[in-house]
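Structure record follows, encoded as C-alpha cells.
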Amino acid sequence: MCALSDYLKQLNSILPINGEIRVEAIEEGFTNKVYKILESGQPKWVLRLPMLESQSFHIDRQTELSVWQQAAEQGLTSQILWHNPQGVVLSEFLPGSTLPLEVQHTQASIEQVCRLLKRLHDMPSIKLHYDVQSIIADWLEQIRFHENFVSVSAQ
Numbered sequence: 166m167c168a169l170s171d172y173l174k175q176l177n178s179i180l181p182i183n184g185e186i187r188v189e190a191i192e193e194g195f196t197n198k199v200y201k202i203l204e205s206g207q208p209k210w211v212l213r214l215p216m217l218e219s220q221s222f223h224i225d226r227q228t229e230l231s232v233w234q235q236a237a238e239q240g241l242t243s244q245i246l247w248h249n250p251q252g253v254v255l256s257e258f259l260p261g262s263t264l265p266l267e268v269q270h271t272q273a274s275i276e277q278v279c280r281l282l283k284r285l286h287d288m289p290s291i292k293l294h295y296d297v298q299s300i301i302a303d304w305l306e307q308i309r310f311h312e313n314f315v316s317v318s319a320q
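So for the sequence shown, our numbering puts the first residue at 166; every next one is plus one.
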C-alpha cells in the first residue's frame with residue numbers, strides 16, 4: 166500500500182493544477198481509510214484506500230467496481246473518476262451524512278428507502294457467491310496454523 170501522497174500524485178490528471186487542495190480523513194470507514202478532498206474549501210472528491218487484504222475477506226475488487234459503476238449509472242451512488250487494481254478509488258463527493266442507529270424514520274423516508282432498494286435490486290445480478298461461513302472457516306484455519314496459536318484445550 167502506498168502513502169496517501171503517492172496516490173495524490175497519481176491523481177494529477179484529475180485534481181486541479183492551481184487550486185487549493187485540502188485532504189481530510191473521514192472517520193466512518195470500517196475496512197477502508199477514506200478521505201474527503203476539498204478544492205478551495207469545497208468538498209469535491211472521496212478517496213477510498215482499502216486497508217484489508219482482499220483475499221482474506223474474499224473481496225473481488227473487479228466485481229466490486231462493476232457493481233459500483235452500475236449503481237452509479239442508476240443514480241444510486243457516486244461516479245467513479247479513477248481507480249487502480251488494488252481497489253483504490255476516487256469518486257465524486259456526494260453531500261449527506263450517515264444516519265445514526267437511533268434514527269426515527271418517517272413514513273416518507275421509509276418509502277424513499279424502499280424505492281431506492283427496489284432500484285438496487287432491479288439491477289442485473291452478478292455471478293459472485295459471497296459465503297460468510299466459508300470466510301470464517303478460512304480465518305479459523307489460518308489462525309490454527311499461525312505461529313502464535315495456542316489451543317485452548319492444550320492449556
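Just so it is clear, CB atoms sit at the ideal spot from N, CA and C, and this is done for glycine as well. These numbers come from a predicted model, not from an experiment.
Burial state of Tyr-200 (16 or more Cβ within 10 Å) | buried
His-311 to Leu-217, Cα distance in whole Å?
-> 18 Å
Pull up the distance between the alpha-carbon of Val-268 and that of Lys-292, whole angstroms please.
-> 34 Å
Applying the criterion that 16 or more other CB atoms from any shown protein chain within 10 Å of the CB defines a buried residue, is Pro-260 buried or exposed?
-> exposed
Cβ distance (whole Å) where Val-211 is taken to contact Ser-243 below 8 Å = 7 Å
With a cut-off of 8 Å, do at least 3 Cβ pairs link the segment 172 to 184 to the segment 246 to 256?
-> yes
Flag this pair as touching only if the segment 289 to 306 and the segment 219 to 231 have three or more C-beta atom pairs under 8 Å; answer yes or no.
-> yes
For Gln-298, which three-state DSSP category applies?
-> helix
Within this structure, are the beta carbons of Pro-193 and Thr-263 separated by less than 7 Å?
-> With the sequence shown as reference, residue 193 is identified as Glu, and Pro is not the correct amino acid for it. It is a contact, given that the beta carbons lie within the stated cut-off.
Selection from Gln-234, Lys-209 and Ala-273 that minimises the alpha carbon distance to Pro-181 | Lys-209
What does Tyr-200 pair with, by DSSP beta-bridge criteria?
-> Ala-190 and Leu-212
Can you tell me the Cβ-Cβ gap for Met-288 and Gln-239, rounded? I've got them flagged as a contact below 8 Å.
-> 6 Å
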